[in-house]
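S.K.: Sharing a structure, written as structure tokens. Questions coming.
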Amino acid sequence: MRASKSTPPRNGEDSNRPILITGGAGFIGSNLADRLASEGHRVRIYDALSRAGTETNLAWLQANHGDRIDFIHADIRDEAALDRAAADVQAVFHLAAQVAVTTSMVDPRADFAINIAATLSLLETLRTRGDGTPLIFASTNQVYGDLADLDFALEGDAYAPTDANIRAHGIGETRPLDFHTPYGCSKGAADQYVLDYARSFGVPTAVLRMSCIYGRRQMGTEDQGWVAHFLIRALEGKPVTLYGDGCQVRDILDVSDAVDAYVQAWRRIDQVQGRAFNLGGGPANAVSLRQLLAHIGDLTARDVDVRFADWRAGDQRYFVADTRAAEAALGLARKVDWREGVAELARWLANERRLNLPIGRASVAA
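Dropping the structure here:
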């Protein structure tokens, strides 16, 4: 949607003051920027363009929204640039991060500087301003650790919890934090800083602890964005490597639903400040890696070449978010069914890569 056809901002929102999205040219950031710009907001994208696909996403945003998109090409570790970028904004969505467990194991110092130090710098900028500018932070389910103390049973090609409440609803926000790997430590510490700045200094903040998000504009790799990565490999006829046995279960959430949650957290910040919410597809959208690959095989009408390797550090055999708190507090609607969403992503990826492949329709369970 082009800027000229956008919906005007809501009452109480300021179309003259930009909204800052760190990591705004990334997968979730570009989808969020598109939503906000389509509603008539000026959006300031702060991004180092270090990940594959970010330049394409930025060009897409600029082509669709023109001067509503203000781009700052800078590293999140540049304190002076970050301070200037946040100087006049009406809200901050902090999505920029080092996002891979594997990378954090190779370079923990960079992981710390990007995920903790930069977040603290941004929080300090808002605290010093003292004008109530809200910050919504992208956290992760990795703050709960590997969940090794829970019991799981292998049911077919998927792990299932033996605890009846977790089986019915998923992992809730009352689950104790348990940081594993440098990535888990850095994102977990940043998560806690964001919450404490609401408690200690009155900065209106909220945290969304994301499970697995997928959808359009996701340029997945083996280390991050695995749903798109599986699809890309399958569409190109290349093998997919599963680390572990492939029976790991995740609740996957379409990016349009994730964007809804971020926007609602901002719009309801007076009610939800200082709170953390688990954000994922919930039990209805829980799927094992093997089950997803089987679905991809159905969509592409050909078997996926699957190979196996050892388990990776910090991997969870099962994570499904209990989304009831987020749904109630943020007023979230029914989620896109994972079968429909994955089929739509497959079609988008095939089109982006100019692959003339027929993609089947999803069969959605009742």
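Residue 230 in our numbering sits at position 229 of the sequence shown; the count goes up by one each step and never skips. For glycine and all other residues, C-beta sits at the position ideal for the given N, C-alpha and C.
(1) Nearest to GLN143 by CA position, among GLY221, SER212 and ASN357, is which residue?
(2) Taking the DSSP output, what are the residues bridged to ILE22?
(3) For the alpha helix (DSSP H) that MET106 lies in, which residues bound it at each end?
(4) Can you list, in chain order, the residues of its chain whose CB lies under 8 Å from that of ARG18, leaving out five sequence neighbours each side?
(5) Report the residue from VAL260, GLN272, ALA295 and ALA149 whose alpha carbon sits nearest the alpha carbon of ILE214.
(6) Are the segment 68 to 75 and the segment 288 to 301 in contact at 8 Å, needing three or more beta carbon pairs?
(7) Between which two residues does the beta strand (DSSP E) harbouring PRO177 extend?
(8) Would you report the Cα separation of ALA367 and ALA285, rounded to the nearest angstrom?
(9) Given a cut-off of 8 Å on the beta-carbon distance, is the pair TYR145 and ASP179 in contact?
(10) Name the DSSP beta bridge partners of VAL273, please?
(11) In angstroms, rounded to a whole number, what distance separates the CA positions of ARG340 and ARG348?
(12) Could you pull the start and end residues of the alpha helix (DSSP H) that ILE115 belongs to?
(13) Measuring only the C-alpha atoms, how far is VAL321 from ALA266?
(14) Determine which residues share a DSSP beta bridge with ASP255 and list them.
(15) Would THR23 and ILE77 be called neighbours here (beta carbons separated by less than 8 Å)?
(16) Beta carbon of GLY283, beta carbon of ASP252: below 8 Å?
(17) For ARG11, which option in PHE309, ILE233, SER187 and LEU37 has the closest C-alpha, if you only look at C-alpha atoms?
(18) So the alpha helix (DSSP H) SER31 belongs to, where does it begin and stop?
(19) Applying the 10 Å Cβ sphere with the 16-neighbour rule, what's the burial state of SER31?
(20) Helix, strand or coil: how does DSSP classify LEU346 here?
(21) Return the residue from the list GLY54, LEU358, TRP312 and LEU350 that minimises the CA-CA distance to VAL102.
(22) To the nearest angstrom, report how far apart ASP108 and SER51 are at their CA atoms.
(23) Using the C-alpha atoms, what's the distance from ALA75 back to ALA330?
(24) Where does VAL204 sit, in a helix, a strand or coil, going by DSSP?
(25) Quick one: what does DSSP say ARG355 is sitting in, helix, strand or coil?
(26) My output table needs one value for PRO284: the three-state DSSP class, helix, strand or coil.
(27) Could you give the first and the last residue of the continuous alpha helix (DSSP H) run that contains ARG52?
(28) Near PHE278, what residues of its chain come up, given a Cβ to Cβ distance below 6 Å and the 5 sequence neighbours on each side ignored?
(29) Please confirm whether ILE29 and ALA139 have their CB atoms less than 8 Å apart.
(30) From VAL288 to PRO205, what distance separates their C-alpha atoms?
(31) Under the assumption that THR222 contacts ALA310 (Cβ atoms under 8 Å), give the Cβ distance between them as a whole number of angstroms.
(32) Does the beta-carbon of GLU56 have 16 or more other beta-carbons within 10 angstroms, so that it is buried, or is it exposed?
(33) Assuming ASP164 and LEU155 make a contact with CB atoms under 8 Å, what is their CB distance in whole Å?
(34) Run through DSSP, which three-state label would ARG3 get?
(35) When the Cα atoms are used, what is the spatial distance from GLY171 to GLY281?
M.R.: Result, derived from the coordinates:
(1) SER212
(2) ILE22 pairs with ILE46 and PHE94.
(3) 102 to 107
(4) The beta carbon of ARG18 sits closer than 8 Å to the beta carbons of ARG43, ASP89, VAL90 and GLN91 from its chain, once the five residues preceding and following it are set aside; these are given in chain order.
(5) VAL260
(6) no
(7) Counting along the chain, PRO177 falls outside any beta strand (DSSP E), and DSSP gives it neither H nor E.
(8) In this predicted model, ALA367 has a pLDDT of only 38, less than 50, meaning its place in the structure is not dependable; the value taken from the coordinates is given anyway. Cα to Cα, ALA367 sits roughly 10 Å from ALA285.
(9) yes
(10) Partner(s): none; VAL273 has no beta bridge.
(11) Here the C-alpha atom of ARG340 lies approximately 13 Å from the C-alpha atom of ARG348.
(12) ILE115 -> no alpha helix (DSSP H), and no H or E assigned at all.
(13) 21 Å
(14) TYR215
(15) yes
(16) Result yes, Cβ atoms of GLY283 and ASP252 sit closer than 8 Å.
(17) For the residues PHE309, ILE233, SER187 and LEU37, the minimum Cα distance to ARG11 belongs to LEU37.
(18) 28 to 39
(19) Buried, because 16 or more other Cβ atoms sit within 10 Å of the Cβ of SER31.
(20) The three-state secondary structure of LEU346, taken from DSSP, is helix.
(21) TRP312
(22) 16 Å
(23) Rounded to whole angstroms, ALA330 to ALA75 spans 34 Å at the Cα level.
(24) coil
(25) DSSP places ARG355 in coil when its eight states are reduced to three.
(26) helix
(27) Note, ARG52: premise wrong, no alpha helix (DSSP H); not H, not E.
(28) LEU209, ALA326 and ALA327
(29) yes
(30) Rounded to whole angstroms, VAL288 to PRO205 spans 35 Å at the Cα level.
(31) With 8 Å as the limit, THR222 and ALA310 do not qualify as a contact, their Cβ atoms being about 15 Å apart.
(32) exposed
(33) Not really, about 15 Å apart at Cβ, beyond 8 Å.
(34) Confidence at ARG3 is low in this model, with a pLDDT of 33, below 50, so the placement of that residue is unreliable and no value is reported for it.
(35) 10 Å
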